[in-house]
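For the sequence shown, position 1024 (counting from the first letter as 1) is numbered 1024 according to UniProt numbering, and the numbering increases by one without interruption.
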Amino acid sequence: MKSNARLQLQIAPDADERAKVLDATRSFIVQAPAGSGKTELLMQRYLTLLAHESVTTPESVLAITFTRKAAAEMRNRVLKALESANGPAPESAHALLSWELARKVMARDRAMGWNILQNPEQLEIRTVDSFCEKIANRTPLLAGLGRSPAIAEDFEPLYSEAAQRTLLMLGDEKAETREAMSQVLADQDNSFDRVQGLIVELLKRREQWGRLIGGAYQRSEEELNATRQELERALRDAIAHELEGIRQQLLEGVPAHVLQELLDTARYGAGNLEPEHALNPLRDVNQLPGASPDDLPQWLALVHFCLSKDRDLRKPGGYNVNMGFPADSMHRERKDACHRLIEAIGNNDYAGTLCAALSRVAKLPPPRYDDDQWNTLKALFRVLPLAVGHLRTVFAERGEVDFSEIALAAKAALGEEGHPTDLALHLGYKIQHLLVDEFQDTSLSQAVLLERLIQAWSPEMGATMFVVGDPMQSIYGFRQAEVTLFTRSWNSGFAQMPLEQARLTANFRSRPELVTWFNQTFEHVLVADNEVTGAVKYAPSEAAREPSQNAGPGFHSVASKAFEEEAARVIEVLQQELKGDAKSIALLVRSRSHMAHIAPALREAGIAFRSKEIDVLGERQTVRDLHAMTKALVNLADRTAWLTVLRGPWSGLQLEDLWTLCKDGERKTVWELLRERRGMLSDRAQKVLARTMPALDAAVTQRGRTSLRALVESLWVSLGGPAALGRTERKAKLRDVEAYLDLLQRVESCGEVDEKRLEQEISRLYTRPDASSEIRVEVMTIHGAKGLEFDVVILPGLNRWIRSEGGQLLNWRERIIGEERDLLLAPMDAVGTDRKKEGSIANYLAMLGGECSAEETKRLLYVAATRAKERLHLVTTMPAENKEPERGSLLSLLPAEVFGRFLKVPTPEAEDEEEQRTPNLSHRLVPDWQLPAAPEPLKFETRYPVAADVREREHTFERVQFDLPRIGTVTHRFLQQIGDEGPGGWTEERIAKTAPRIRALLLQQGIRSSELAKWEETVTRALRNTLAHDKGQWILKQRESASNEYGLTSALDGPRRSIKVDRTFVEGEVRWLIDYKTSDQEGTVTEKYLQEQVDKYRDDLAHYARVLRAMDGREVKGGLYFPLLQIWREVDVQS
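This is the structure:
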């Protein structure tokens, strides 16, 4: 007899499919469209497997997802179901089934003694990244990682460092390496910055191309020639496949007699021309060319005959003497017949088919590389693996890696196909059941990992695989997601595992009014499956919710390019929805740039919203002002930054004053000009500068003496930055300021900052989301909304497109048709060549990528629309009159019936430019504004007497030479940085690269130019000695409890006293305190001298020890370390 849960489950239109996939003895691939309850079904399958008699430990059931959020959600659902198993039965059908399954699991849990609820870590529900990390950490040596590294918080600096080291291979000792690097640079006009950026981008994606080019750099010339032949064979196969499709398209879409007449006419024209003419290959053509790459010249000649340069059908008048049709009487009849033929073709629908087919021919590449292309490809075969090698060196030095390195290490730990390692065999036998969520987002590299994981499975093991996903929601092509993996697994199974098909159809999310619209619309958008482009056919859904009069799609349009009006329409829709009962409203955009007009409109309307990685802080005026201030302080010669500071809201100098200040002053900095020409400025400017110059002067004086964050923050406050924020959105602006200052603190080092890295970090800095539970409006990208649902969804910017990414040094594409897999490979076209020219191999690969992206854009629209539960609002600017929607826009994808539901709005006449100018609404302080008076000081009451002069303890140095204290200050800075980072990343090469910073800091300390080289060598020697010394390594070793330049204020046995400990850390149960001493002793260092130093500083160290001991109660030991002498002396600090 069936349970109540199964009887109730039959209410769902796809009940039989849902019941079928819960058979724990069978393997399935499940297509689960939007709103079909995929996560719940996955959880029920997981519970079914845990309860099955074949499962002896929970760890034998592995569930893999692709995001931490999805993994956490599934884990929480499983645990919640298990916790509720002992409670009353729920009423809803799906919850009842989960409850029954959970009860079975708990019974199994008691029988086997698992104690899952007490030990939930037994549940193997992981992201693919965490699973790779687990594998790699099991056998770190086999994986090639050595000790277990940490995942870096920011990968960009690691990639940049590796790319810089790669460029240095121009001076490599091996001639072939130098030549390869020279070739790559020469192709890019010897632009180091450009090549560095291109290498960085490839390092991010090395997991994809690394397995493709493998050890090509180690191959002999003979082996490389064989590689070339294989690559050119793949290229020829691709061309043949293209020509076969084009040929079929013409034969089916253009009448046979028209094609024949066209070929006869072309042959006639070619016969009247010189042999070197472009039409010459058509001289002997009697029928449509074949599909062999050898036929490509004939096809290209046919393109030249039929199409103009714009790839439209040639005008009849274009067939003249240059096309083989002279105007004399002998050729008049054939010329007139040609004109009639072309005119007739132009008047028929099949003209579009002819133009489209021949336009594609024009984009096909030649079937072989020319010598320049092949030489560049060979250079890349050598340079790129070496770049990866440099990246791994950087990883080893820093003790941290990226996710790609973890994934590559995991695959290495599992072995090659057909040659599993012991770990792979162990995991294969241990893991009996594998579940994979969001399978449509799997990359080829991840698929290889899964294949190696199950390669030890055999039929008698009873192992099962369960993959679930929706190819219609595959939108992560930029992460190398391969949607065809799903379609191939659907048809043929995965690796050696046959998979039964199951398709869910119920939509539990959206109202019937929306589901009907989805079905009617997307059957015309997602038309058919195509393995080459990744196109997928739409699978209709059935509504499982009750209808509602207030549900359905809405259509809103404004005039062409009227983006401000579009934003206003969005506000109207939002205000109307906020009056209703919608608990969640999502404003989804395809690109962050599409929010440029909408975000300010939301703020102006007073609509509270929460944004997720949408509102870029770097575009906020407050942050721009702070960034300009930072650049001005870092580089006194940055004229643009200084003028921005003077023009900023705290100063507001007029343009006339800035002109007076800078006129004919190109050879001086703005700071110097301010001191010289201040008296030449207007009275208003004089008032402003009387207030701001002291603050600026103090900040310039403090450069290099304090942290950059503290310096910028202090200057901003002193200039009146907080007051200049105004009252509008003041709290939000203050949060922006805090976010920028926090970022500055993260990226600076010893008061300095890499400006390029700061720019990159600012571009990735977003406003902090408001955590208030009362906010009903969410703003995010469509990609960010994947997996979420909202009562109301608003999609603006439908008629906008996204600019495609730039090229890359190496272009690749894997063609997988049936069981065949070919690799297409091409270098970036060299600078100086026409990179938009048709027929380039790189451009052909880019075209293929563009076609896949176009199909993904269709799926993006589906994902966006299906987030809606109640209502969907489509908002767009309309195309100009007699124009089509923007190519590549979401609006261009909608079928004519849907497009017709938008009201056509006439394009307004262009307004006068003066009327269109937006007024400057910046809030500026009045010239004579003054900082408010400081509040009364807090009264500090203490039982200890307070000294009249409380000063922070300064570092003490031997003062035989006047410059030595300054040398000690610079040395301390670098020892602090090494202590913060750990000594592992400080190689001899890195120390050498610090020379410019050492010189800059010495100059800031007042070291004379004539003494600079000597003291630079001294600082460098101190660092080298410390890192080469076992005690130095011990002192600087990374520890969680370590602190550098540790400041404390104490009031022990008397007046308050501030101290600063050079370095302190806990080892075992002992806290150590270290005091660095920069000694000027030369030659032999006597024990007498060292004892004098110990005696001299013993009292100081003893006091520090008392303070530290009072702080945490640990035993304290201390000592002096002499970096230049490589000497350590422990000091008795107990007395």
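Just so it is clear, CB atoms sit at the ideal spot from N, CA and C, and this is done for glycine as well.
On a predicted model such as this, the values are computed, not experimentally measured, just so you know.
Report all residues from its chain with a CB closer than 8 Å to the CB of residue i; omit the five preceding and five following residues, and keep chain order.
i: Glu40; result: Arg77, His94 and Ser98
i: Pro58; result: Leu50, Trp114, Ile116, Gln122, Leu123 and Glu124
i: Thr987; result: Glu397
Beta strand (DSSP E) containing residue i: first to last residue?
i: Thr65; result: Val61 to Thr65
i: Pro553; result: Gly552 to Val558
i: Gly389; result: Not the beta strand (DSSP E): Gly389 falls in the alpha helix (DSSP H), residues Asp371 to Arg398.
i: Val30; result: Phe28 to Gln31
i: Phe494; result: Counting along the chain, Phe494 falls outside any beta strand (DSSP E), and DSSP gives it neither H nor E.
i: Ser1058; result: Arg1057 to Glu1067
For residue i, I'd like the list of residues in its chain whose CB is within less than 6 Å of its CB, leaving aside the five on either flank, ordered along the chain.
i: Leu243; result: Ala291
i: Pro289; result: Asp295, Gln298 and Trp299
i: Gly652; result: Arg924
i: Ala562; result: Thr877
i: His390; result: Ala162, Arg165 and Thr166
Where does residue i fall in DSSP's three states?
i: Thr622; result: helix
i: Gln767; result: The residue you asked about is not Gln; residue 767 is Thr in the sequence shown. The answer is coil: DSSP assigns Thr767 none of H, G, I, E or B.
i: Gly827; result: Inspection of the sequence shows that residue 827 is occupied by Pro rather than by Gly. Pro827 falls in the strand class under three-state DSSP.
i: Asp1099; result: helix
i: Leu1048; result: strand
i: Ala868; result: strand
i: Val717; result: helix
i: Ser443; result: strand
i: Asn119; result: coil
i: Glu500; result: strand
i: Asn507; result: strand
i: Val78; result: helix
Taking all protein chains shown into account, do 16 or more other C-beta atoms lie within 10 angstroms of the C-beta of residue i, making it buried, or fewer, making it exposed?
i: Gln455; result: buried
i: Asp441; result: buried
i: Thr969; result: buried
i: Val737; result: buried
i: His1029; result: buried
i: Pro895; result: exposed
i: Pro33; result: buried
i: Gly1032; result: buried
i: Lys858; result: buried
i: Leu107; result: Residue 107 is actually Ala in this sequence, not Leu. Burial call: exposed.
i: Val589; result: buried
i: Leu891; result: buried
i: Pro553; result: buried
i: Val1061; result: buried
i: Lys335; result: buried
i: Arg18; result: buried
i: Ala175; result: exposed
i: Thr866; result: buried
Taking the alpha helix (DSSP H) that residue i belongs to, which residues open and close that run?
i: Leu202; result: Phe192 to Lys204
i: Ile991; result: Glu988 to Lys993
i: Ser359; result: Tyr350 to Ala362
i: Glu564; result: Phe563 to Leu578
Going by the C-beta, is residue i closer than 6 Å to any heavy atom of the ligand ZN?
i: Leu168; result: The ligand ZN is not part of this structure, which contains no ligands at all.
Under 7 Å Cβ to Cβ from residue i, same chain only, skipping five residues before and after it: list those, please.
i: Glu261; result: Leu341
Would you say the segment 886-904 touches the segment 623-633, given that touching needs at least three Cβ pairs under 8 Å? no
Is it a yes or a no for the segment 399-409 touching the segment 205-212, going by three-plus beta-carbon pairs under 8 Å? yes
Should the segment 973-986 be called in touch with the segment 383-402, which here means at least 3 C-beta pairs below 8 Å? yes
For the 8 Å Cβ check, are there 3 or more pairs between the segment 249-267 and the segment 335-353? yes
Using a Cβ distance threshold of 8 Å, determine whether the segment 187-200 contacts the segment 326-342, with at least three qualifying pairs required. no
At least three beta-carbon pairs within less than 8 Å, the segment 579-596 to the segment 793-800: yes
Assess, as a yes-or-no matter, whether the segment 477-490 is touched by the segment 520-527 under the definition of 3 or more beta carbon pairs within less than 8 Å. no
Does the segment 489-502 come close enough to the segment 463-477 that 3 or more CB-CB pairs lie under 8 Å? yes
Inter-stretch contact (C-beta, 8 Å, three-pair minimum) for the segment 678-695 and the segment 647-666: yes
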